[in-house]
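S.K.:
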Amino acid sequence: MTRFSQLFPLLLLAALASLTLWLDQAVQRDERKPEAERHDPDYIIENIVARRMDANGDVKHTLHAERMTHYPDDDTTHLLSPRFTSSASGQAPMTITSRTARISSGGDDVYFETDVRAVRGAYRDHSEMVMETSFLHVTPDENIARTDRPVTVTDAHTVAHAIGLELNSETRIVKFLSQFKGTYHDPDRAAKRR
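Sequential numbering from 933 applies to the sequence shown in this note's numbering.
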């Protein structure tokens, strides 16, 4: 027997094993997408209401949404038609609405997007205040809301336009960041003219 005839069965077996391995990998490569590349929700909740309480058991924040969708790959949560209400003792609640919002991993940041409207109800001698913008970044635990986009703020006596804003919902201090233009109507002055 020649040396080739002795090695032929082994070479044929090795070639078949290599071909089988190559075909298996080629088929599986097309069928499966790595999990890291997928952005599929792991849960969807409709008509959700979530409340966060303070140490005394009083409601601190309330979140309503038509739909909440969580994505495990980046641990973000997407909201449809969110309504977020922040309650500070002794002050009127601040309610923020928008078409959509995203909540970061850990829930520390909420990003309201498209037709964002924040309304602080009237309280004591303060009139209702309305803020409108296209984007608002809220850090609920710090009571801070920020935007770097055009914003309009109105109340009973004032209309203000600016690019960018920072609002502290606890102190109720509003900082306009740039290109501020405002109009103030003094109700006392109008009353004196009569």
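For each residue, glycine too, the CB sits at the ideal point set by N, CA and C. As the structure is a prediction and not an experimental result, all values here were calculated from the model.
Closest to D1006 by C-alpha separation, out of R1052, D956, S1036, G989, would be which residue?
M.R.: Checking every option, the nearest Cα to that of D1006 belongs to S1036.
S.K.: Within 10 angstroms of the Cβ of L1011, are there 16 or more other Cβ atoms? Answer buried if so, exposed if not.
M.R.: L1011 should be labelled buried.
S.K.: Alpha carbons only, please: which of E998, A1024, P1004, M1026 is nearest the one belonging to S1013?
M.R.: Of E998, A1024, P1004, M1026, the residue nearest in Cα terms is E998.
S.K.: Drop a sphere of 10 angstroms on the beta-carbon of M1000, count the other beta-carbons inside from all chains shown, and report buried for 16 or more, exposed for fewer.
M.R.: M1000 is buried by the Cβ-count criterion.
S.K.: Given a cut-off of 8 Å on the beta-carbon distance, is the pair I1028 and V1048 in contact?
M.R.: Taking 8 Å as the Cβ cut-off, I1028 and V1048 qualify as a contacting pair.
S.K.: Put E1074 into one of helix, strand or coil per three-state DSSP.
M.R.: Here E1074 sits in helix by DSSP.
S.K.: Taking Cβ positions, are A1094 and S1110 nearer each other than 8 Å?
M.R.: Going by C-beta atoms, A1094 is nearer than 8 Å to S1110.
S.K.: Look at V1051 and V1042 and say whether their C-beta atoms are less than 8 Å apart.
M.R.: The answer is no: Cβ separation not under 8 Å.
S.K.: Would you please state the rounded distance, in angstroms, between the beta carbons of K992 and S1019? I believe it to be under 8 Å.
M.R.: Contact flag correct, Cβ pair sits at about 6 Å.
S.K.: Give the range of the beta strand (DSSP E) segment to which R970 is assigned.
M.R.: Taken as a continuous stretch (DSSP letters only), R970 belongs to no beta strand (DSSP E), as it is neither H nor E.
S.K.: What residue range does the beta strand (DSSP E) around G1096 cover?
M.R.: Segment 1090–1100, the beta strand (DSSP E) holding G1096.
S.K.: Residues in its own chain within less than 8 Å of D1080 by CB, not counting five upstream and five downstream?
M.R.: Result list for D1080: F1067, I1095, G1096, L1109, in chain order.
S.K.: For V1070 and G1053, what's the separation of their Cα atoms in angstroms?
M.R.: Their backbone Cα atoms lie some 18 Å apart in a straight line.
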